[in-house]
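Per the numbering used here: the sequence shown ends with 581, consecutive numbering throughout. Below: the structure, in structure tokens.
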Amino acid sequence: ARTLGVVGRLGGVGARPEITGLVSDADGAVAALATAAKLLDMRRRGDVLDGDVVVATHICPNAPTAPHDPVPFMDSPVDIATMNRHEVTADMEAVLSIDTTKGNRIINHKGLALSPTVKEGWVLRVSEQLGELLAVVTGEPLVTYPVTTQDITPYGNGVHHINSILQPATATSAPVVGVAVTSAAA
Numbered sequence: 396a397r398t399l400g401v402v403g404r405l406g407g408v409g410a411r412p413e414i415t416g417l418v419s420d421a422d423g424a425v426a427a428l429a430t431a432a433k434l435l436d437m438r439r440r441g442d443v444l445d446g447d448v449v450v451a452t453h454i455c456p457n458a459p460t461a462p463h464d465p466v467p468f469m470d471s472p473v474d475i476a477t478m479n480r481h482e483v484t485a486d487m488e489a490v491l492s493i494d495t496t497k498g499n500r501i502i503n504h505k506g507l508a509l510s511p512t513v514k515e516g517w518v519l520r521v522s523e524q525l526g527e528l529l530a531v532v533t534g535e536p537l538v539t540y541p542v543t544t545q546d547i548t549p550y551g552n553g554v555h556h557i558n559s560i561l562q563p564a565t566a567t568s569a570p571v572v573g574v575a576v577t578s579a580a581a
């Protein structure tokens with residue numbers, strides 16, 4: 396049986412004391428936890444999948460912020476390499492990485508957007524099967540976004556990244572697809 400990884404990426408669910416309450420950066424963690432809850436519910440009802448799903452994320456209510464253009468990034472008290480070691484496991488044969496992707500001028504769409512598939516340093520085509528699945532589930536046409544080579548390099552190398560959505564690709568040889576939670580600007 397196959398094993399799918401679902402990774403909820405984020406800096407933090409909160410940025411106390413600067414921001415009170417849940418921040419939009421929490422979307423990755425919330426989506427990963429909702430996935431786990433749905434899988435548990437399915438199992439209780441006797442719906443057994445052919446393979447396994449490994450769900451990973453973290454919860455940080457007091458994340459610092461870091462300067463980034465056009466809006467500050469939610470930073471994390473734990474470095475990205477450490478996060479990858481704990482969130483990306485060797486048994487994951489494919490990874491869906493979910494992350495808030497709102498603080499940019501690249502994706503101007505409210506909903507979800509898929510990245511091209513990334514594998515071992517290569518940016519491949521957008522998965523038609525995942526695109527069709529997303530369109531059926533959301534009732535909206537597929538929205539995708541451009542990925543640059545910079546986006547699939549490790550954090551901390553001094554180059555601009557859209558966000559951490561594709562950082563799991565730096566820690567696995569499995570194919571990684573980003574599922575971006577997006578917003579539209581007026």
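We treat Cβ as the ideally placed atom computed from N, Cα and C, and that holds for glycine.
Boundaries of the alpha helix (DSSP H) in which residue i is found, first to last residue
i	result
I475	I475 to E482
L525	E523 to T533
L428	D422 to R439
Inter-residue spacing [alpha-carbon to alpha-carbon] between residue i and residue j
i	j	result
T565	V443	31 Å
V538	E413	33 Å
T577	A424	15 Å
N499	M478	23 Å
V448	S568	17 Å
G446	V554	37 Å
A580	N503	6 Å
A575	C455	20 Å
S419	D546	21 Å
Span of the beta strand (DSSP E), counted from its first residue to its last, around residue i
i	result
S492	A489 to T495
T577	V571 to T577
L507	G506 to L509
Contact belief for residue i with residue j at Cβ below 8 Å, rounded distance in angstroms
i	j	result
D470	A461	4 Å
A426	G403	6 Å
Residue-chain proximity (residue i, chain D), Cβ-Cβ < 7 Å
i	result
V483	In the structure shown, chain D does not exist; there is a single protein chain.
Residues that residue i bridges to, as DSSP identifies them
i	result
L399	V448 and A489
I502	Looking at the DSSP assignment, I502 forms no beta bridge with any residue, so it has no partner.
I628	An answer regarding residue 628 cannot be provided, because it is not within the stretch 396 to 581 covered by the chain.
A461	F468
Closer than 6 Å: residue i CB and nearest the ligand FMN heavy atom
i	result
P412	Absent from the structure shown: the ligand FMN. Ligands present: none.
**alpha helix (DSSP H) runs contained entirely in the region 536–570, provided each spans 4 or more residues** = none
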